[in-house]
Amino acid sequence: MAKVDEWRRRVDDWKAVLKQPKNAGLKATGISEAIRKVGDAEMDFAKAKEPGKAIVKGLTDLLKALDDLINLCKKTSDKHKTVFTTACQHLDGVRAAAVARRTEAAREVDQARQAVGQRCEEASQQLRAARTIQELAAAWREFVTEFETQGKGYPTLKAQINTAKGHRAPDPNGSLEQERTVFLRLAQACQRATAVR
9 MAKVDEWRRR
19 VDDWKAVLKQ
29 PKNAGLKATG
39 ISEAIRKVGD
49 AEMDFAKAKE
59 PGKAIVKGLT
69 DLLKALDDLI
79 NLCKKTSDKH
89 KTVFTTACQH
99 LDGVRAAAVA
109 RRTEAAREVD
119 QARQAVGQRC
129 EEASQQLRAA
139 RTIQELAAAW
149 REFVTEFETQ
159 GKGYPTLKAQ
169 INTAKGHRAP
179 DPNGSLEQER
189 TVFLRLAQAC
199 QRATAVR
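This is the structure in structure tokens:
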């Protein structure tokens, strides 16, 4: 929640800038509300990063709030920079922080998606290590459950999740190596689907 607190602090900082006598004529810019919206979106994004939550939607909402703030800061700064220099310098700093946060948030989603891919690699190792069909079946069930939970927040993984969930269980009378090959291919397809593009 440090990010949320940071944006709340920025609202207070902005209000302090507006209270300065030289910025007395600068009112009703909408900056405070835009910063508050970023703080709210940060809170929603933090919740969305939990496994099984809609992380992509959380990111989309955060990016929209940040873009709105970036554009409003630029518009307000450009419009008033000759008269309200201190306030505009402050807005330029807020805008720079929003741009940096935009990049950082996208990187966080990529890292979370890579963690899902790492789990797919671990599942492949468990499938390779299975010594019996029962161990293979148990490793597959565990993988499918985790992949579904962790991958739920990524709409682009939905088809792969459904493929993994809908696939038959290992044949108890089948050859271990043949069954292992089938399930390894599925796990590797899941891993490829998690690749950050």
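Heads up: the sequence shown begins at 9 in the working numbering, then just goes up one per residue. Backbone N, C-alpha and C fix where the C-beta goes; we use that ideal spot for every residue, glycine too. None of the values given here were measured: they were computed from a predicted structure.
Residue state for residue 40 is assigned as helix, using DSSP reduced to three classes. Put simply, the segment 54-70 touches the segment 117-131. At least three CB pairs are less than 8 Å apart. With contact defined as three or more Cβ pairs closer than 8 Å, the segment 42-50 and the segment 74-88 are in contact. Annotation: the segment 52-111 contains the following complete segments of the alpha helix (DSSP H) (minimum length 4 residues), in chain order: 63-88. Look at residue 203 here: in three-state DSSP terms it is coil, with no helix or strand label. Short of 8 Å from the beta carbon of residue 88, and not among the five residues preceding or following it, lie these beta carbons of its own chain, in chain order: 34, 95, 96. Between the segment 129-145 and the segment 97-116 there are fewer than three inter-stretch CB-CB distances shorter than 8 Å, so the stretches are not counted as touching.
Under the 10 Å beta carbon count, residue 197 is surrounded by fewer than 16 other beta carbons and is classified as exposed.
Residue 144 sits close to residue 184, with the two beta carbons spaced by under 8 Å. Straight-line spacing of the CA atoms in residue 68 and residue 14 works out to 20 Å.
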